[in-house]
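**Q** Okay, handing you the structure first.
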Amino acid sequence: MTETVLQTQALTKYYGSTLAVDHLNLKIPQGCICGFVGRNGAGKTTAIKLMLGLLKPTAGSSRLLGCDSQQLLPAIRQRIGYVTEGHRLFRWMSINELQKFQRAFFPKQWDDKFFADMIEYFNLPKKRKIKHLSNGERAQVSLALALAPNPELLIMDDPTLGLDAAIRRQFLEGMIELIMRQGRTVLFSSHILGDVERVSDRIVVIDKGVLRANCSLEEFRAAVKKVILSFTDSPPADVDIEGLLHCRRSEKELELILVGPADEQITQWAKKSGAQNHQIVKMNLEDQFIEFTAPPNHRRLFQWEEK
Amino acid sequence: MLLAAIIFLAIGGFSLRAQAYFVQSNWLSWGLSPGSVVEPYRLTHYSPLAITGIWLVITSIGLGLALGVRHFLIPLFTRTWPFLLHRSASRQMILGAKLTAATIAFVVSLGSVWIGLYWYACRSELFMVPPPVRVFIEGWLFIVLGLVVYLGTAMTALSKARWYTTKILGLAFAMVVICMIFLQWRLSWALAMVIIGVVVLLSQIIDTFLNREF
């Protein structure tokens, strides 16, 4: 049976009267690469900080590698790599000094060769101070520092934020390096769905602090569908199909965003509703995510209509 | 730290020498001569380290403020606390390391200079009356005042109070301790106030740091 490395139970966090994380129940099995996605302010960073015991929950609990997040022992922290949001490192230190600093906390696990290889791969000047590095270079140092102790669980908070496409690719390749090692688990939050699609095998969607999805990437890709139905007259007023997320109408068309129903169910409903024809449109992950997390009354800013 | 030591050494040393010459050129007019019995009030007024002590207080408070800002406030602005806290060391250890580093900084920079100046004042034949041991202890007390300011700054930085007035309570408390000491100068009183200041601030810092969200 696969071991659960990360588990939260009704994890809730309020900032004053603002609800940031709402009864989050999450289970991440060992060995998976989990993309943690959500819109800005969805509660990703708060959830990650709660899991790492950097914030205190208002209610609920979370466990990392079997240990309560609020009482994470140094020995447990040693097994968890953490890449902070914005790659905040000590600006006055050089890469060499940071390496020595970090290595002191992981005396048995630290892989000097791996760190040196990564720094060389990213072509980073070892003697340069962090404050003189670009955003991308800081991200690379941050990743090398998190990976060199060979962590069992790697948690990264929006690691590719603000990086250009080339640096992002290098960064992801660095991540894949860890993924190649067996039994390692990665949880990384991101806004860039392309990155999630490239490396993840599991997706966790959080919206306004509420867990909306926690499944394999394939399941998510198969579940969220866009259906366009054409009618000879105006579309029916009531749309009572299972798993309906959004419904957009035009004069003779109905655009439905659905979660869950099988293609046969859609076909049956299309017939029942009197649609002239229907089309299940293939969506990319980004579109699926946007539709999945859009509010119910969401309207496009610009509605282009053919005249 | 080095800057504080250099400043104190330069200004303290200069004022010590200047005072030595001043005492030397005036001792006859004060009716004193080498080997004469000196009354306590004269010892206080003409102690070779009286002026140097003022500079020690100023440098010590400055160093306390600078270290407090460096250790606790800057990581908040640069958001490096999560990077520092997530490692194989408990919060107690991290706080202990910071406090120990600060204490060592005070001892190495100001303490060593103070020992040097006191030794010079005792050995120098420029002075008519060598400074008593009490003056040496007072100097160390002045150094500990800097540590009180360091703790006050740390408390202010760690405070999660919403209003600035409540946020600066830690630093204000440290200043009150210093004012109380100098309003009624007595060694025993000063020692008691410093101990109270350190204990109160330290207990607050430990409690806040171990339970604070970062």
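Top to bottom, those sequences are chains A and B.
Note that our numbering has the first sequence beginning at 1, numbered continuously upward.
Note that our numbering has the second sequence beginning at 1, numbered continuously upward.
For every residue, glycine included, the Cβ atom is placed at its ideal position computed from N, Cα and C.
Please confirm if R184(A) has its CB atom under 8 Å from at least one CB of chain B.
**A** So no, R184(A) is outside the interface.
**Q** In whole angstroms, what separates the C-alpha of P107(A) from that of I11(B)?
**A** Each residue's alpha carbon lies about 45 Å from the other.
**Q** For G243(A) and I94(B), what's the separation of their Cα atoms in angstroms?
**A** Their backbone Cα atoms lie some 51 Å apart in a straight line.
**Q** For the beta strand (DSSP E) containing S273(A), list its first residue and its last residue.
**A** Unbroken run through S273(A): none, as it is neither H nor E.
**Q** Name the one or two DSSP bridge partners that V205(A) has.
**A** Per DSSP, V37(A) and A213(A).
**Q** Verify the CB distance criterion: does F90(A) have a CB-CB separation below 8 Å to chain B?
**A** By this cut-off, F90(A) is an interface position.
**Q** Compare the C-beta of F214(B) against all C-beta atoms of chain A and say whether one is closer than 8 Å.
**A** Closer than 8 Å to some Cβ of chain A, the Cβ of F214(B) qualifies, so yes.
**Q** For G86(A), go through chain B and note every residue whose CB falls closer than 8 Å to its CB, in chain order.
**A** Here the neighbours are R79.
**Q** What does a CB cutoff of less than 6 Å around V186(A) pick up in its chain, not counting 5 residues either side in sequence?
**A** Within the same chain, V186(A) has close Cβ partners I33 and L154.
**Q** Around the C-beta of Y41(B), are 16 or more other C-beta atoms found within 10 angstroms, so that it is buried, or is it exposed?
**A** Its pLDDT being 47, under 50, Y41(B) is placed unreliably by the model, and nothing is read from it.
**Q** Which chain E residues are close to S109(B), counting only those with a beta carbon under 8 Å from its beta carbon?
**A** Annotation note: the requested chain E is absent from the structure, which comprises protein chains A and B.
**Q** Could one say the Cβ of F115(A) lies closer than 8 Å to chain B's Cβ atoms, at least one of them?
**A** No, F115(A) does not count as interfacial toward chain B.
**Q** Quick one: what's Y121(A) bridged to in DSSP?
**A** None; Y121(A) has no bridge partner.
**Q** From W189(B) to G66(A), what does the alpha carbon distance come to, in whole angstroms?
**A** Near 53 Å, if we compare the C-alpha coordinates of G66(A) and W189(B).
**Q** How many Å lie between T44(B) and H71(B) at the Cα?
**A** Any reading at T44(B) is ruled out, since the residue's pLDDT is 47, under 50, leaving its predicted position unreliable.
**Q** Cα-Cα, which of L172(A), L147(A) and L24(A) is closest to L211(A)?
**A** The candidate whose alpha carbon is nearest that of L211(A) is L24(A).
**Q** Taking 8 Å as the limit between beta carbons, can you name the residues of its chain near G183(A), skipping five residues before and five after?
**A** Excluding residues within five positions, the ones whose Cβ falls inside 8 Å are Q30, G31 and E152.
**Q** When the Cα of V253(B) is compared with those of L210(B), E213(B) and V177(B), which residue comes out closest?
**A** Because chain B spans 1 through 214 in this model, residue 253(B) falls outside it and cannot be assessed.
**Q** Just to confirm before moving on: does the CB-CB distance between L9(B) and L56(B) stay below 8 Å?
**A** Not closer than 8 Å, so no.
**Q** On a CA-only basis, which of I95(A), T4(A) and Y15(A) is nearest E138(A)? Give me that one, please.
**A** Per the sequence presented here, residue 138(A) reads as Arg, with Glu not at that position. R138(A) has its Cα closest to that of I95(A), out of I95(A), T4(A) and Y15(A).
**Q** Given this structure, state the Cα-to-Cα distance separating T4(A) from I280(A), to the nearest angstrom.
**A** Those two C-alpha atoms are separated by around 36 Å.
**Q** Please list, in chain order, the chain B residues whose beta carbon lies closer than 7 Å to that of P74(A).
**A** Simply S88, A89 and S90.
**Q** Can you give me the C-alpha to C-alpha distance between R162(B) and T156(B), rounded to a whole angstrom?
**A** Cα to Cα, R162(B) sits roughly 12 Å from T156(B).
**Q** State buried or exposed for T59(B), treating a residue as buried only when at least 16 other CB atoms are found within 10 Å of its CB.
**A** When all chains shown are included, T59(B) counts as buried.
**Q** For I168(B), which of helix, strand or coil comes out of DSSP?
**A** Three-state DSSP puts I168(B) in coil, outside helix and strand.
**Q** Since M156(A) sits in a beta bridge, which residues does DSSP pair it with?
**A** M156(A) pairs with V83(A) and F188(A).
**Q** When DSSP builds the beta bridges, which residues end up paired with D68(A)?
**A** For D68(A), which the question treats as bridged, DSSP gives the partners R63(A).
**Q** On the DSSP bridge assignment, give the partners of K226(A) in chain order.
**A** Paired residue(s): I257(A) and V281(A).
**Q** Of all Cβ atoms in chain B, is any one closer than 8 Å to the Cβ of K272(A)?
**A** With 8 Å as the cut-off, K272(A) does not count as an interface residue toward chain B.
**Q** Starting from the beta carbon of R77(A), find every residue of chain B whose beta carbon is closer than 7 Å, and list them in chain order.
**A** In chain order: H86, R87 and S88.
**Q** Using a Cβ cut-off of 8 Å (strictly closer), state whether Y14(A) contacts chain B.
**A** No - not a single Cβ of chain B is within 8 Å of the one on Y14(A).
**Q** List, in chain order, every chain B residue whose beta-carbon is nearer than 7 Å to that of F105(A).
**A** Correct list: R87, S88 and A89.
**Q** Quick check: I61(B) and V149(B), are their CB atoms within less than 8 Å of each other?
**A** In this structure, V149(B) lies closer than 8 Å to I61(B) by Cβ.
**Q** Are the Cβ atoms of F115(A) and Q99(A) separated by less than 8 Å?
**A** Yes, Cβ-Cβ distance for F115(A) and Q99(A) is below 8 Å.
**Q** At the 8 Å Cβ level, is P131(B) part of the contact set with chain A, yes or no?
**A** It does not; no Cβ of chain A falls within 8 Å.
**Q** Which residues mark the beginning and the end of the alpha helix (DSSP H) in which K44(A) is found?
**A** From DSSP, the alpha helix (DSSP H) with K44(A) extends over K44 to M51.
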